[in-house]
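Notes for the one structure printed next.
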Amino acid sequence: MSFYLRSPCYLSRKLTLSKLNLPARSFFSFDGGKSNNDGEKVPAAASGDKRIRVECLSRQDIIEMIAEDHDLSKAKADRVVKSIFDTIGEAVTERKIVKISGFGSFENKHHKSRPYRHPQTGEALTMDAQQRVKFKAYKALKASVNGK
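Going letter by letter, the sequence shown gives residues 1 to 148 in the working numbering.
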């Protein structure tokens with residue numbers, strides 16, 4: 001199972017749509033919420049818990065917001081979003097640094113191979129060298145997230 005399938009966004013959509021008939025954008029706690037008196041799972045936000053909650057914003061949500069804000073059709077907004085993501089992806093793949101003023105930068109970082117131990121067996125293994133995408137948030141984004 002991939003990381004995406006276990007991410008809070010995936011679980012939020014799966015939990016709210018299949019079991020609770022709530023909108024997909026509802027809040028979700030990392031622990032999956034609690035059971036109510038009927039034994040049904042409810043998100044932590046609905047159960048009164050004060051745990052970490054996540055709201056998911058999908059690509060489709062971004063497309064709809066851009067279309068509405070700029071009086072575009074959804075098809076045109078989709079092409080704009082696709083073009084932006086493709087451009088960033090291609091630049092990072094070519095080992096270029098993508099800097100977006102007031103937001104952050106994307107960079108392709110090389111990680112050397114390194115030894116590690118398998119957690120269950122204790123066997124000594126080597127992790128292969130790989131390229132990873134690094135995102136660094138700029139001060140303006142950090143301040144915005146922190147309400148400053």
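Here a beta-carbon is modelled for each residue, glycine too, at the ideal position from N, C-alpha and C.
This structure is a prediction, so every number in the text was calculated from the model and none was measured.
Endpoints, alpha helix (DSSP H) assigned at residue i
| i | result |
| --- | --- |
| T93 | 74–93 |
Opening and closing residue of the beta strand (DSSP E) in which residue i lies
| i | result |
| --- | --- |
| L125 | 124–127 |
| K109 | 104–111 |
| K134 | 130–137 |
Cβ distance (whole Å) where residue i is taken to contact residue j below 8 Å
| i | j | result |
| --- | --- | --- |
| V92 | R59 | Their Cβ separation, rounded to whole angstroms, is 17 Å, which puts V92 and R59 out of contact at 8 Å. |
| L141 | G89 | In fact, because the Cβ distance is near 20 Å, the residues do not count as touching under 8 Å. |
| E107 | K134 | 5 Å |
| K136 | S105 | 5 Å |
| E123 | R117 | 7 Å |
| K74 | I63 | 6 Å |
| A126 | P115 | It is worth fixing the name first, because residue 126 is Thr in this sequence and not Ala. That belief holds up - the Cβ atoms of T126 and P115 are roughly 6 Å apart, short of 8 Å. |
Cross-strand partners of residue i (DSSP beta bridge)
| i | result |
| --- | --- |
| I62 | Paired residues: none, contrary to the question. |
| P115 | T126 |
| V98 | F106 |
Residue i at chain C interface by Cβ criterion, 8 Å
| i | result |
| --- | --- |
| D86 | Among the protein chains of the structure shown there is no chain C, as only one such chain exists. |
The segment 79–86 in contact with the segment 103–118 per 3-pair CB rule at 8 Å: no
Is the number of C-beta pairs between the segment 91–101 and the segment 65–80 that are closer than 8 Å three or more? no
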